[in-house]
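Under this note's numbering, the first residue of the sequence shown is numbered 43, with each subsequent residue one higher.
Written out below as structure tokens is the structure these notes cover.
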Amino acid sequence: AARSSIILNFILIPLYIVYLFYKKKKLILGSVLAMGILTASVILFSTSGFSKLRMQWIVKEFQSGNIYQVDPQSRLIIWPIALDIIVDNWILGVGTGDAEDALISSYKSRGLQALFENKLNAHNQYLTTIMRHGILGIIVLLLNFSIPLIIYSKSHNPEAFLFTLLIMGFFLTENVLGRA
């Protein structure tokens, strides 16, 4: 959860700086400053001992063919399973309480013991919403973001606009609206 927020901030903060300098007609200075911040962030992230070790471990596991043993929370494994459930239930969904049960049942039937034992959710609010409530649910969720984004862009409120984008990005890797 924290990783996606950090990455999104690494992207959105430089964009906001460029925007602020663009308004002051100093786009080049803002772009240079934003690139400097982005470069420093990438260097800081890539030299972090934990981040470096974790990436090396994940690459090694993928190369060895242990894709299902990589991280039990691996979205690369969970999301296709969630999409299979959505394809079968896209109109009305499976129901609020049954989405997690459907995932867990799929983990068991596919022999994904680590995912089954940990009862992991979809780690994607958009996929979870479609699984639970179908097409109508995702439309309502997206309207809850798109309407404010339109209002913020017309009212020239870049902070609220970027915050909404941050939340939307966070929803890509976490079930924010579900129970823990």
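C-beta atoms are modelled at their ideal positions from N, C-alpha and C, and glycine is treated no differently.
Item                                                                                                                                  : Value
Rounded straight-line distance, which links the Cα of isoleucine 180 to that of serine 188                                            : 12 Å
Through-space distance from glycine 137 to leucine 154, alpha-carbon basis                                                            : 23 Å
Closest Cα partner of leucine 54 within the set Leu219, Glu216, Val218, Thr206                                                        : Thr206
Option in Ser116, Ala156, Leu118, Tyr168 with minimal Cα separation from alanine 141                                                  : Tyr168
Proline 122 burial status per 10 Å Cβ neighbour count (16 or more: buried)                                                            : exposed
Contact under 8 Å by Cβ, methionine 173 with isoleucine 128                                                                           : yes
Inter-residue spacing [alpha-carbon to alpha-carbon] between alanine 124 and lysine 66                                                : 46 Å
Valine 182 versus serine 83: straight-line alpha-carbon distance, rounded                                                             : 35 Å
Cβ-based burial, serine 90 [other Cβ within 10 Å; buried from 16]                                                                     : exposed
Secondary structure of leucine 139, DSSP reduced to three states                                                                      : Correcting the residue type first, residue 139 is glycine in the shown sequence and not leucine. The answer is coil: DSSP assigns glycine 139 none of H, G, I, E or B.
Identity of the residue in Leu71, Tyr64, Leu62, Leu208 nearest asparagine 51 by Cα                                                    : Leu208
Proximity to leucine 118 [Cα-Cα], best of Asn163, Val218, Gly176                                                                      : Asn163
Contacts around serine 147, its chain only, beta-carbon distance under 8 Å, and the 5 residues preceding and following it disregarded : none
Terminal residues of the alpha helix (DSSP H) in which valine 182 lies                                                                : 167-196
Supposed contact pair leucine 80 and proline 56 - C-beta distance, whole angstroms, cut 8 Å                                           : 5 Å
Cα-Cα separation, glutamate 201 to leucine 219                                                                                        : 22 Å
Alpha-carbon spacing of leucine 178 relative to tryptophan 132, whole angstroms                                                       : 9 Å
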